[in-house]
Amino acid sequence: MAIDEAVLQARTENLVPNTLRLFRWNPSTATIGRNQSLSTEINMDAAKTLNIDVVRRISGGGAVYHDFNNEITYSVVSSERDLKKSFNYLRSENGDTEEKFFDVDGSYEVIIQGLMNGLGKIGLKVEQGLIHCPVMLVDDLKISGNAQARRKGFILQHGTILLHVDAELMYTVLKAPEGATKSKMVRSVRAKVTGLYGNEGVKPVSAADFQKTMVESFERKLNIKCKPGALTDYEKKLVEDYKVKRYSNKDWLNKFP
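Residue numbers (this note's numbering): 722 to 978.
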């Protein structure tokens, strides 16, 4: 999360280009939204026992369990201006002549289109849906959730791409909402959530091939050109600063206890 924020900050200063990042969490980690209550969302005793980290994001949205073996996380940092260009390009490609303003939903749509195109190339038929925030669905089952943070005309959007779903473990770490039991939430996840693998026609792909497919898909759908990059020295410094200021700071984690 410190890396995501560092890239966002460096981008607001026009020191780095728009950035697409794909990563996994090691160890597995539960994240909570910027304004969520820690005690309401996370079973801290279970997380400690299972060696699962817990961190508060700068983005909104709900609590998420990021499983090292069962999920890939993406993040995109871009100027609103450049996303608007891609938004208009997508509309023209789709023959959409109806007047439509570029808004928050539009920014989600642009990035999700890149993700959907990539997952389609792997063998999934994905549709965009709305569950609080825009999500990706396969046969009406959620496969990806997303959240945003905005700063000075720039957007950080990050989200999950589920590979497999372990509902029992998920709701050992996450707490069931008030009035619901763990068993009810486990049944709900099994009925409403899916992973990449286990869907007909989808075969396992290597991390390198997955990354290559997703990059090519973003290039095609957003009308952009990507090139490999690495964190700059300034971004690395920001990462260390943010780790101290926020992501390793118990006051930040317990901001809303």
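Where is the CB? At the ideal position from N, CA and C, for every residue including glycine. Bear in mind that the values here come from a model prediction, so they are computed numbers and not experimental data.
Mind checking whether residue i and residue j have CB atoms under 8 Å apart?
i	j	result
residue 798	residue 744	no
residue 986	residue 780	Lying outside 722 to 978, the shown extent of the chain, residue 986 is not represented and no answer is given.
residue 726	residue 963	yes
residue 866	residue 775	no
residue 916	residue 884	yes
residue 807	residue 944	yes
residue 894	residue 793	no
residue 928	residue 907	no
Could you tell me which of the options sits nearest to residue i, measuring between CA atoms?
i	options	result
residue 831	789, 918, 853 and 878	878
residue 840	747, 967, 923 and 722	923
residue 871	904, 801, 754 and 954	801
residue 724	813, 953 and 976	953
residue 749	791, 936 and 937	791
Name the DSSP bridge partner or partners of residue i?
i	result
residue 863	858 and 914
residue 793	882
residue 848	858
residue 775	751
residue 740	798
residue 875	800 and 872
Just to confirm my understanding: we take residue i, look at its own chain, exclude 5 residues before and 5 after, and list those with CB closer than 6 Å. What are they?
i	result
residue 967	973
Take the Cβ of residue i as the centre, count every other Cβ of all protein chains shown within 10 Å, and call the residue buried at 16 or more, exposed below.
i	result
residue 777	buried
residue 789	exposed
residue 838	buried
Suppose the cutoff is 7 Å on Cβ atoms and the five residues either side in sequence are ignored; what does the same chain contact list for residue i look like?
i	result
residue 862	913, 914 and 915
residue 891	786 and 910
Leaving out five residues on either side along the sequence, give the residues of the same chain with a beta carbon under 8 Å from the beta carbon of residue i.
i	result
residue 764	893, 894, 895 and 896
residue 733	872, 873, 874 and 875
residue 977	756, 757, 758 and 759
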